[in-house]
Amino acid sequence: MSKFNVAALQLGSSKDGTEATIEKILTYKDEIISKNIKLCVLPEALLGGYPKGNNFGAWLGYRALQGKKDYAEYHKAAIFVTKENPQIIKLEEFAKETDCTLVIGCIEKVPEHSSCYCSMIFIDAKLGYVAKHRKTMPTGSERLIWAQGDGSTLSTHTFKSGDQDVKIGGAICWENLCPLLRFHMYSKNMSIWCAPTVDAREIWRSVMKTIAYEGRMFLISSCQFVPSATEMGYGMEHPDPALAAEGKRVLPQWDGGHQDDMPCINGGSVIVNPYGDIIAGPILGKEGLISAEVDLDLILQSRYDFDPTGHYNRPDIFKLTVNEE
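Just add 311 to the spot in the sequence shown (first one is 1) and you have the working numbering.
This is how it looks when you write it as structure tokens:
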């Protein structure tokens, strides 16, 4: 059959660390089974965290000692993406028990050096951990704490749903804005684009609709929901000394003001069909799971009049060279 169910699981990193975040994921086992979900996408940096509002002590020409200490703690919360890691094993068992392939955003550390990557990992319901993608271009201050991924992890994975082969891949957060990366991934002829993110804005959902429509595939975007800066310990001390003494924290705003007691990241996860229609979500202001039925035949139907790397491509005029080493 060409039809099956997919989901976006909107969660935030636990303030109690990576192990607590994994335990939170596991609480959705019964819901995933009851809804017969075959693919579930989870947000960017879910394992390891997205410490929104922390500047890691960096100003042009200066790195404060506290920022270095913050980085050391952040590195400790990152995970080794190997089949031997007990955290990965626990997620493999979860995927097997639910018969659901997982795509999960994480902060990855490696034994070769002390830099971190923002990655998404693919955990097959039957095969376990099979592939990863490292974000090729961190955005803004993310470059202080994340190294750049290279072309060797422009990965896809094909899993089985019944007798159907389903190829998945995608990009992390603002990588999705890179036109050449998108075209290269389209050329892999995927069925479902996975887009873990922490961008909760309405315009992000417009971008997701555009990619699904442009690539003529289904798309799942899963965004974190993270409560206030005070609760998570993110951002900076409240500018009011009395409130700062109570432990209140705020996030900076573009206008020089501050964001007080609002969610750090407000969610907005969606599932989109190949015609750019949102078929589930957005879910805002809370954690939760959204799901939808996808029909792979709809991809073929939609590509009848627009196939971006097929009949609507002009390789005699345009050529893209990609280094996947």
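Idealized CB from N, CA, C, for every residue including glycine.
Worksheet item: Got a sec? Which residues, its chain only, sit under 6 Å from residue 455 by beta carbon, not counting five neighbours each side?
Response: 367, 369
Fill in: Pairwise C-alpha distance: residue 582 and residue 533
9 Å
Worksheet item: If we call anything under 8 Å between Cβ atoms a contact, is residue 343 one with residue 409?
Response: yes
Discussion item. Distance check for residue 628 and residue 322, CA to CA, integer angstroms please.
Written reply: 44 Å
Worksheet item: For residue 584, which residues of its own chain have a beta-carbon under 7 Å away from its beta-carbon, when the five flanking residues on both sides are left out?
Response: 523, 529, 590, 609
Item to complete: Measure from the alpha carbon of residue 426 to the alpha carbon of each residue in 443, 504, 383, 337, then state which is nearest.
Response: 383
Worksheet item: Going by alpha carbons, who is nearest to residue 350 out of 397, 381, 434?
Response: 434
Worksheet item: Helix or strand or just coil, what does DSSP make of residue 595?
Response: strand
Practice prompt. At 4 residues or longer, and completely inside the segment 331-417: list those alpha helix (DSSP H) runs for me, N to C.
Written response: 340-345, 376-388, 397-409
Worksheet entry | Distance, residue 580 Cα to residue 597 Cα | 11 Å
Discussion item. Bridge partners for residue 316 per DSSP, in chain order?
Written reply: 348, 604
Practice prompt. Have a look at residue 481 and residue 503 and give me their C-alpha separation to the nearest angstrom.
Written response: 8 Å
Practice prompt. Measure the C-alpha to C-alpha separation of residue 335 and residue 492 and round it to an integer number of angstroms.
Written response: 32 Å
Item to complete: Look at the Cβ atom of residue 317, then the Cβ atom of residue 605, and state whether they are nearer than 8 Å.
Response: yes
Discussion item. For residue 542, which residues in the same chain have their Cβ closer than 8 Å to its Cβ, ignoring the five residues on either side in sequence?
Written reply: 326
Practice prompt. Within 10 angstroms of the Cβ of residue 594, are there 16 or more other Cβ atoms? Answer buried if so, exposed if not.
Written response: buried
Discussion item. If the criterion is Cβ atoms closer than 8 Å, does the pair residue 453 and residue 417 meet it?
Written reply: no
Practice prompt. Leaving aside the five residues before and after residue 558 along the sequence, list all residues of the same chain whose C-beta is less than 8 Å from its C-beta, in chain order.
Written response: 541
Worksheet item: Is it true that the CB of residue 520 sits closer than 8 Å to the CB of residue 486?
Response: no
Worksheet item: Looking only at its own chain, which residues have a Cβ that is under 6 Å from the Cβ of residue 472, when we skip the five neighbours before and after it?
Response: 315, 349
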